[in-house]
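Number of protein chains: 2
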Amino acid sequence: MVRRNYIFDTIREVFLRFGYQPIETPAMENLSTLLGKYGEEGDKLLFRILNSGDYLKNVTEAQGHKGTEAQGHKGTEDASPQSPVTSHQLAPLPLVPRSSSFDLNQFTQQISEKGLRYDLTVPLARFVVQHQHELTFPFKRYQIQPVWRADRPQKGRYREFYQCDVDVIGTNSLLCEVELIQIIDEIFSRLNLPVVIRVNNRKILTGIAETIGASEKLTDITLAIDKLDKIGLQQVNEELAVRGLSAESIERLQPVLTLEGKIKEKKGFLEQLLVGSETGIRGLEELCHVLKYLKSLEVRNKFEFDVRLARGLNYYTGIIIEVMASGLSIGSLCGGGRYDDLTGIFGLPGLFATGVSFGADRIYDVMMALKLFPDTIRSTTRVLFVNFGEEEERFSMQVLKKIREAGIPAEIYPEPVKLKKQLDYANRKEVQYVVLAGKEEILSGKVTLKNMKTGEQQTVLTDKLTKYII
Amino acid sequence: MVRRNYIFDTIREVFLRFGYQPIETPAMENLSTLLGKYGEEGDKLLFRILNSGDYLKNVTEAQGHKGTEAQGHKGTEDASPQSPVTSHQLAPLPLVPRSSSFDLNQFTQQISEKGLRYDLTVPLARFVVQHQHELTFPFKRYQIQPVWRADRPQKGRYREFYQCDVDVIGTNSLLCEVELIQIIDEIFSRLNLPVVIRVNNRKILTGIAETIGASEKLTDITLAIDKLDKIGLQQVNEELAVRGLSAESIERLQPVLTLEGKIKEKKGFLEQLLVGSETGIRGLEELCHVLKYLKSLEVRNKFEFDVRLARGLNYYTGIIIEVMASGLSIGSLCGGGRYDDLTGIFGLPGLFATGVSFGADRIYDVMMALKLFPDTIRSTTRVLFVNFGEEEERFSMQVLKKIREAGIPAEIYPEPVKLKKQLDYANRKEVQYVVLAGKEEILSGKVTLKNMKTGEQQTVLTDKLTKYII
Chain A
1 MVRRNYIFDT IREVFLRFGY QPIETPAMEN LSTLLGKYGE EGDKLLFRIL
51 NSGDYLKNVT EAQGHKGTEA QGHKGTEDAS PQSPVTSHQL APLPLVPRSS
101 SFDLNQFTQQ ISEKGLRYDL TVPLARFVVQ HQHELTFPFK RYQIQPVWRA
151 DRPQKGRYRE FYQCDVDVIG TNSLLCEVEL IQIIDEIFSR LNLPVVIRVN
201 NRKILTGIAE TIGASEKLTD ITLAIDKLDK IGLQQVNEEL AVRGLSAESI
251 ERLQPVLTLE GKIKEKKGFL EQLLVGSETG IRGLEELCHV LKYLKSLEVR
301 NKFEFDVRLA RGLNYYTGII IEVMASGLSI GSLCGGGRYD DLTGIFGLPG
351 LFATGVSFGA DRIYDVMMAL KLFPDTIRST TRVLFVNFGE EEERFSMQVL
401 KKIREAGIPA EIYPEPVKLK KQLDYANRKE VQYVVLAGKE EILSGKVTLK
451 NMKTGEQQTV LTDKLTKYII
Chain B
471 MVRRNYIFDT IREVFLRFGY QPIETPAMEN LSTLLGKYGE EGDKLLFRIL
521 NSGDYLKNVT EAQGHKGTEA QGHKGTEDAS PQSPVTSHQL APLPLVPRSS
571 SFDLNQFTQQ ISEKGLRYDL TVPLARFVVQ HQHELTFPFK RYQIQPVWRA
621 DRPQKGRYRE FYQCDVDVIG TNSLLCEVEL IQIIDEIFSR LNLPVVIRVN
671 NRKILTGIAE TIGASEKLTD ITLAIDKLDK IGLQQVNEEL AVRGLSAESI
721 ERLQPVLTLE GKIKEKKGFL EQLLVGSETG IRGLEELCHV LKYLKSLEVR
771 NKFEFDVRLA RGLNYYTGII IEVMASGLSI GSLCGGGRYD DLTGIFGLPG
821 LFATGVSFGA DRIYDVMMAL KLFPDTIRST TRVLFVNFGE EEERFSMQVL
871 KKIREAGIPA EIYPEPVKLK KQLDYANRKE VQYVVLAGKE EILSGKVTLK
921 NMKTGEQQTV LTDKLTKYII
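Protein chains in written order, with this note's numbering: chain A, 1 to 470; chain B, 471 to 940.
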């Protein structure tokens, strides 16, 4: 937790430094807000809250008879031989055996109206629509809160984990993208974690699809090329064929799939390729504008313009950003981009939005693996006073008060037990200094300060103690 | 949120200063951990999570037939005329109409195994038992997380709210109580919110019950006298009689109910009253020890020794603490005490524990009412750069970078819209300073700095800008 707080504090401080305001939203959202936003798989991973009180009260007999697409039973098929119940019965339970027309989805809807948030973006959209008349636009907000997913727990995947999101709503200025990448650069620099910031633009992908004569196959193309690193060129080409791309389109896509080189070279290549696509050229211009800007601002981490970067394409509308740990293949530490119809699904279309999300848990894992956490944050207590008994304790409590006032986290062992036990406690808590203030020391106005790391001991004036504790 | 963070940050900083480590526990706990810990009413207020996947799969026909004490139906009464279903049917739903032997509680248990945490104390107990072999005792932890209660939402009562708990596990040293009250004093002093710290000792209450010959009526006595402020002396006495206290006991209790005066006077009175009760005298000694200690440590807020303070008596075993806003009757801002069998319910008896919990939402309400939040925390952005167009923007972004490096939260309006709109934005976000850097200013190496509060404008050297932003 101490280490995780170090990550959160770093992220929060940088967000604030760039003028983003904190918001928090409730853990529970209406299921009507959440359902259908994360695909079919996402719907299954939502944690649902059972309605309070007698949640079966409003379950109607009708449930199970309307039939959803999933089960598709018709209302006329209801009468199973095992459930001779009329539909006029009061407060009935689902009396139809499940093998018949019972519809689990519909039953679930009737007993559960709320779910735990699955990410921070949909709650943000709901929040912005709900408070649109009170908010100041462009609305710059950050949000650091847990989200929940009913995944099978496994290493690196938790049922509850934190997301750290930062977004600007209400402007299509590319300055936002510039700042978001500055934020990314600043955060990972502060964490001492070298990263590669990969960028692309959805408009370039659109342009490529246009250029190779496969506009309507944009999703298929990106889904296939997203797998390039995993399955290799040949299999990607096979998949493209299966997905219905013509041999000619696949042929014309080859230079894109194998595109390597410096940003300048890629730019040159794409300028030629996209010459017939207005959208594609605009995408390339946007990207180059942002990259040039960032160069002038002396961003410290490396850039990579990867024309194959898509990150769930249907969502993004402009620049796409993904951050990887430099030299490690562990998945992205941060990602995002422009998604210019955030609030459309909630009835407020046309609100520009761009943002990125930091995966605190994965950042934590990488920092642990690379031993990047500074020693100084490992312990919450800098100084432990040994407890020698009532009289010494009273004396120590007075000194302790001054040390804490000087901003140093400090404590005294609460009982006068054996010295060894108290030193063990200090070691296990990784306390840096131990103060020994026995009767003699008190009389002489001095205490013994022991550095637990080096083992060094020195006698120092009680009044000067804080100066020795670095 | 900015204001709430101010409260959280203050609380967190003081907790850390006293050597407490942060922990967090998952939002979801097993219902078996939560149920029965908060009384019957509490059980009803738990939010339950529907099991994932086909949650009806494991609902057995047997459910509803075992009968709980609430409904009490016997297993032999299952065959309602409307449900001629054999118990051998696979994956059945609850086919028995609810008017018959259906048991909602049991059904709920089968479709929901997890619930949202209701407080931070029960999860702490579960955590300590689970990690008892890894933890360093005395275990000093703090925890600041939301809890959930299915209350009807109303003013001052939320379904999701934060608790800020600080506890020491594994020592019965009274030093813990001294430090907890130091922590309370420090937090409310930093928040500039004057409070009265009320204290009592459960042992004194036990002693009083012994002394008046009503040991077995301890709960009744405290429940009744807890209402003294609300219903007055006469009605308390009536309630005591209804609760079965003898006229003599009630008579002997009167001096306690009307006890007023300075701490010294109360102490003198109780020393006499409790002379026959070892427990009572010990309780009084403990309390006096703590109060004397605190006096020597120059605690700034006022104390009140209130022999009627109980705070859900059955829970506490020693000193009881409650903090009220000075001069306001708004309920307690913080409360707690010693509860020396925290982990007994989870099979680890005899672990000493003491702690207090801060109600951040109520503290927030009081601070808003008394206008105690400092002006400086109202805005997250200290400086806004006006955006005059591409060239000026590039210049501003360079200056902005330096200002942020100096630790000042700053931003630039992302689009070169009309000046009025940008100044409106600054005003709505309560930004203190606006920087105007037009073409002329850039050439002269100076910018215009406008104080949005006073309206004052001055021209300052760009290099010296940070010095003017206080």
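Just so it is clear, CB atoms sit at the ideal spot from N, CA and C, and this is done for glycine as well. This structure is a prediction, so every number in the text was calculated from the model and none was measured.
Could you work out which residue in the options is closest to residue i when comparing CA atoms only?
{"i": "Arg874/B", "options": "Ile7/A, Glu13/A, Tyr6/A", "result": "Glu13/A"}
{"i": "Thr924/B", "options": "Gly801/B, Thr480/B, Tyr903/B, Tyr938/B", "result": "Tyr903/B"}
{"i": "Asn5/A", "options": "Glu456/A, Ala426/A, Ala360/A", "result": "Ala360/A"}
{"i": "Lys264/A", "options": "Leu245/A, Gly244/A, Glu210/A, Cys288/A", "result": "Cys288/A"}
{"i": "Asp151/A", "options": "Tyr118/A, Glu179/A, Tyr55/A", "result": "Tyr118/A"}
{"i": "Ala823/B", "options": "Thr495/B, Thr813/B, Gln652/B", "result": "Thr813/B"}
{"i": "Leu124/A", "options": "Thr206/A, Glu24/A, Arg362/A", "result": "Glu24/A"}
{"i": "Met837/B", "options": "Val665/B, Leu919/B, Tyr763/B", "result": "Val665/B"}
{"i": "Thr317/A", "options": "Phe346/A, Leu351/A, Ala325/A", "result": "Leu351/A"}
{"i": "Val307/A", "options": "Cys334/A, Leu273/A, Leu333/A, Glu278/A", "result": "Leu273/A"}
{"i": "Phe47/A", "options": "Glu29/A, Tyr55/A, Gly39/A, Gly445/A", "result": "Glu29/A"}
{"i": "Leu233/A", "options": "Ile181/A, Ala209/A, Glu251/A", "result": "Glu251/A"}
{"i": "Asp340/A", "options": "Ser326/A, Asn314/A, Asn427/A", "result": "Asn314/A"}
{"i": "Lys177/A", "options": "Thr381/A, Leu294/A, Leu31/A", "result": "The sequence as given places Glu at residue 177/A; Lys does not occur at that position. Of the candidates Thr381/A, Leu294/A, Leu31/A, the one whose C-alpha sits nearest the C-alpha of Glu177/A is Leu294/A."}
{"i": "Leu661/B", "options": "Lys937/B, Ser502/B, Ile847/B, Gly640/B", "result": "Ile847/B"}
{"i": "Glu881/B", "options": "Gln143/A, Glu286/A, Phe15/A, Thr381/A", "result": "Phe15/A"}
{"i": "Ala214/A", "options": "Asp229/A, Ile231/A, Arg243/A", "result": "Arg243/A"}
Would you call the CB atoms of residue i and residue j closer than 8 angstroms?
{"i": "Gly750/B", "j": "Lys687/B", "result": "no"}
{"i": "Met452/A", "j": "Val431/A", "result": "yes"}
{"i": "Leu798/B", "j": "Ile833/B", "result": "no"}
{"i": "Val122/A", "j": "Lys44/A", "result": "no"}
{"i": "Phe739/B", "j": "Arg473/B", "result": "no"}
{"i": "Gly331/A", "j": "Ser357/A", "result": "no"}
{"i": "Leu870/B", "j": "Phe855/B", "result": "yes"}
{"i": "Val905/B", "j": "Leu893/B", "result": "no"}
{"i": "Asp637/B", "j": "Arg596/B", "result": "no"}
{"i": "Gly489/B", "j": "Pro409/A", "result": "yes"}
{"i": "Met471/B", "j": "Pro22/A", "result": "yes"}
{"i": "Ala780/B", "j": "Leu715/B", "result": "no"}
Answer yes or no: the CB of residue i versus the heavy atoms of the ligand MN, is any distance below 7 angstroms?
{"i": "Leu240/A", "result": "In the structure on display, the ligand MN does not appear, and there are no ligands present to speak of."}
contact_flag[the segment 186 to 196 of chain A, the segment 297 to 312 of chain A] where n(CB pairs < 8 angstroms) is 3 or more: yes
Validate contact between the segment 45 to 58 of chain A and the segment 108 to 116 of chain A using beta carbons, cut 8 angstroms, 3 pairs: yes
Chain A contacts from the segment 482 to 495 of chain B (Cβ-Cβ distance under 8 angstroms): Leu486, Arg487, Phe488, Gly489, Tyr490, Gln491, Pro492, Ile493, Glu494
Chain-ordered residues of the segment 646 to 672 of chain B with a beta carbon less than 9 angstroms from chain A: Cys646, Val648, Glu649, Gln652, Glu656
Contact residues within the segment 359 to 390 of chain A, judged by C-beta distance below 7 angstroms to chain B: From the segment 359 to 390 of chain A, only Thr380, Thr381 have a Cβ closer than 7 angstroms to chain B.
Short-range partners of chain A found in the segment 581 to 602 of chain B, where Cβ spacing is below 8 angstroms: Ile581, Ser582, Leu586
Three-pair Cβ contact test at 8 angstroms for the segment 719 to 737 of chain B versus the segment 692 to 707 of chain B: Between the segment 719 to 737 of chain B and the segment 692 to 707 of chain B there are three or more C-beta pairs closer than 8 angstroms, enough to call the two in contact.
Beta strand (DSSP E) segments (min. 3 residues) lying fully within the segment 499 to 524 of chain B: none
Complete runs of the alpha helix (DSSP H) confined to the segment 271 to 333 of chain A [at least 4 residues]: 278 to 296
Three or more C-beta pairs below 8 angstroms linking the segment 858 to 872 of chain B and the segment 880 to 895 of chain B: yes
Cβ pair count under 8 angstroms reaching 3, the segment 665 to 672 of chain B against the segment 787 to 805 of chain B: Counting C-beta pairs with one atom in each stretch, the segment 665 to 672 of chain B and the segment 787 to 805 of chain B have three or more that are closer than 8 angstroms, which means they touch.
Interfacial residues, the segment 504 to 531 of chain B to chain A, with Cβ spacing under 7 angstroms: Listed by position, the residues of the segment 504 to 531 of chain B near chain A (Cβ gap below 7 angstroms) are Phe517, Arg518, Ile519, Leu520, Ser522, Asp524, Leu526.
The segment 611 to 619 of chain B contacting the segment 627 to 637 of chain B, beta-carbon criterion three pairs below 8 angstroms: yes
Short-range partners of chain B found in the segment 419 to 431 of chain A, where Cβ spacing is below 7 angstroms: Tyr425, Arg428, Lys429
Complete runs of the beta strand (DSSP E) confined to the segment 832 to 916 of chain B [at least 3 residues]: 853 to 855, 880 to 882, 903 to 906
Secondary structure, beta strand (DSSP E): runs of 3+ residues fully inside the segment 582 to 636 of chain B: Taking only runs of at least 3 residues, the beta strand (DSSP E) segments lying wholly in the segment 582 to 636 of chain B are 584 to 586, 609 to 618.
Contact set between the segment 711 to 726 of chain B and chain A, restricted to residues whose Cβ is under 7 angstroms from the partner: none
Every unbroken alpha helix (DSSP H) inside the segment 637 to 702 of chain B [4 residues or more]: 645 to 660, 672 to 681, 688 to 695
Residues of the segment 319 to 335 of chain A with Cβ closer than 7 angstroms to any Cβ of chain B, in chain order: none
The segment 444 to 465 of chain A: positions lying closer than 9 angstroms to chain B by Cβ: none
Members of the segment 764 to 777 of chain B that neighbour chain A once the beta carbon cut-off is set at 9 angstroms: Ser766, Leu767, Glu768
Members of the segment 626 to 645 of chain B near chain A, C-beta cut-off 8 angstroms: Arg629, Glu630, Val638, Thr641, Ser643, Leu645
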